[in-house]
Each structure stands twice: as C-alpha cells, then as structure tokens.
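Student: In terms of numbering that gives the first Met the number 0, the sequence shown opens at residue 0 and continues consecutively.
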Amino acid sequence: MNPRQRGSMLLSAIFMIVLLAGLMAGIAALSGQSSQRLIYEVQALQARLAAEAVLERKVYELLADIEEIDSVTATLGACDAEADAATVSAAGITQVRVLARGRCSTGALTVQRHIEVEVIE
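(1) Please report the straight-line C-alpha distance between residue 31 and residue 72, rounded to a whole angstrom.
(2) Is the separation between the beta-carbon of residue 49 and that of residue 75 shorter than 8 Å?
(3) Within 10 angstroms of its Cβ, does residue 47 collect 16 or more other Cβ (buried), or is it exposed?
(4) Give the DSSP bridge partners of residue 101, in chain order.
(5) Label residue 112 either buried or exposed according to how many other C-beta atoms from any shown protein chain fall within 10 Å of its C-beta, with 16 as the threshold for buried.
(6) Note down the Cα distance separating residue 35 from residue 19, rounded to an integer number of angstroms.
(7) With 16 as the cutoff for other CB atoms within 10 Å, does residue 21 come out buried or exposed?
(8) Excluding five sequence neighbours on each side, which residues of the same chain lie with their C-beta closer than 8 Å to the C-beta of residue 58?
(9) Using beta-carbon positions only, say whether residue 81 and residue 70 come within less than 8 Å of one another.
(10) In or out: residue 25 buried (at least 16 other Cβ within 10 Å) or exposed?
Structure follows, in structure tokens:
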C-alpha cells in the first residue's frame, strides 16, 4: 500500500455518508410538504361540502316559503356551516340572496369556503 494513499478510503466513505444524509433530508422535507398540502385539500373539501349542505337546506326552505329568511346552521364533524338569506324585492319580483359559509378547523389550520346563490320567486 502506498503511504500517500493512506486514509483516502476513509475520506471517500465520509463523503458518501454526508451526501446520502443530505439526500435523505431533502426527501423527508418534500414528503412533509406534500402531506401538509394533502391535509389542506381535505379541509378545503370538507368546508365546501359543509357550505353546500346548509345551502341546499336553505334553498329547499325558500322553495317551500320564499319569506323564510331565518339562518340555517349545522355542525358536521370538525366543520361549522351557516346559511343566511337576504330579501331584495323590485317590480313585483321577490329575489332572495343566500350566502352559505363552511368553516373547518384542525389545530393551526382553518379553512373557509363561501357559496352564494339567488332564489327568484
């Protein structure tokens, strides 16, 4: 063995260990970001579905009685939803604007979705 090459294998092994550790840290960071993005998408979908649920309930109430403008609320799991109605009358036409809000909270993440429709008599 050449005395000048002594320890070169140790340096190569340390370099490979550092390189692989950096690669694993990068993969772990990317994996954490994608799971956080997935959690956000699930929360957003739940908030939207909660808003749609109270919106449909309020619209069916209005189809039965256009003067029924009370709020509708619901709690669906970790989500709260509310639908409010406001009446606008002009030229003999009754128009009701319904605004539904869905809000889901888990820990530090809170997602809200708003849906608005109009019901005309």
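For each residue, glycine too, the CB sits at the ideal point set by N, CA and C.
The model shown is predicted, which means the values in this text are computed figures rather than measured ones.
Tutor: Reading it off the structure:
(1) Mapped onto the sequence shown, residue 31 falls at position 32. Mapped onto the sequence shown, residue 72 falls at position 73. Those two C-alpha atoms are separated by around 35 Å.
(2) Reading the sequence shown from its first residue, position 50 is the one you call residue 49. Reading the sequence shown from its first residue, position 76 is the one you call residue 75. For the pair residue 49 and residue 75, the CB atoms are nearer than the 8 Å cut-off.
(3) On the sequence shown, residue 47 is found 48 positions in, with the first residue counted as 1. It counts as buried.
(4) Along the sequence shown, read from residue 1 onward, the residue named residue 101 stands at position 102. Looking at the DSSP assignment, residue 101 forms a beta bridge with 80 and 112.
(5) As a position in the sequence shown, residue 112 is number 113, starting the count at 1. In summary, residue 112 is buried, with 16 or more beta-carbon neighbours lying within 10 Å of its beta-carbon over all protein chains present.
(6) Taking the sequence shown and counting its residues from 1, one reaches residue 35 at position 36. Taking the sequence shown and counting its residues from 1, one reaches residue 19 at position 20. Distance between the alpha carbons of residue 35 and residue 19 is about 25 Å.
(7) For the purposes of this step, residue 21 is taken as residue 22 along the sequence shown, with counting starting at 1. Residue environment for residue 21: exposed (fewer than 16 other C-beta atoms within 10 angstroms of its C-beta).
(8) Here residue 58 refers to the residue found at position 59 when the sequence shown is read from its first residue. Closer than 8 Å at Cβ, skipping near neighbours: 97, 116 and 118.
(9) Counting from one through the sequence shown, the residue named residue 81 turns up at place 82. Counting from one through the sequence shown, the residue named residue 70 turns up at place 71. In contact: residue 81 and residue 70 (Cβ atoms closer than 8 Å).
(10) Reading the sequence shown from its first residue, position 26 is the one you call residue 25. With fewer than 16 neighbouring CB atoms inside 10 Å of its own CB, residue 25 falls in the exposed class.
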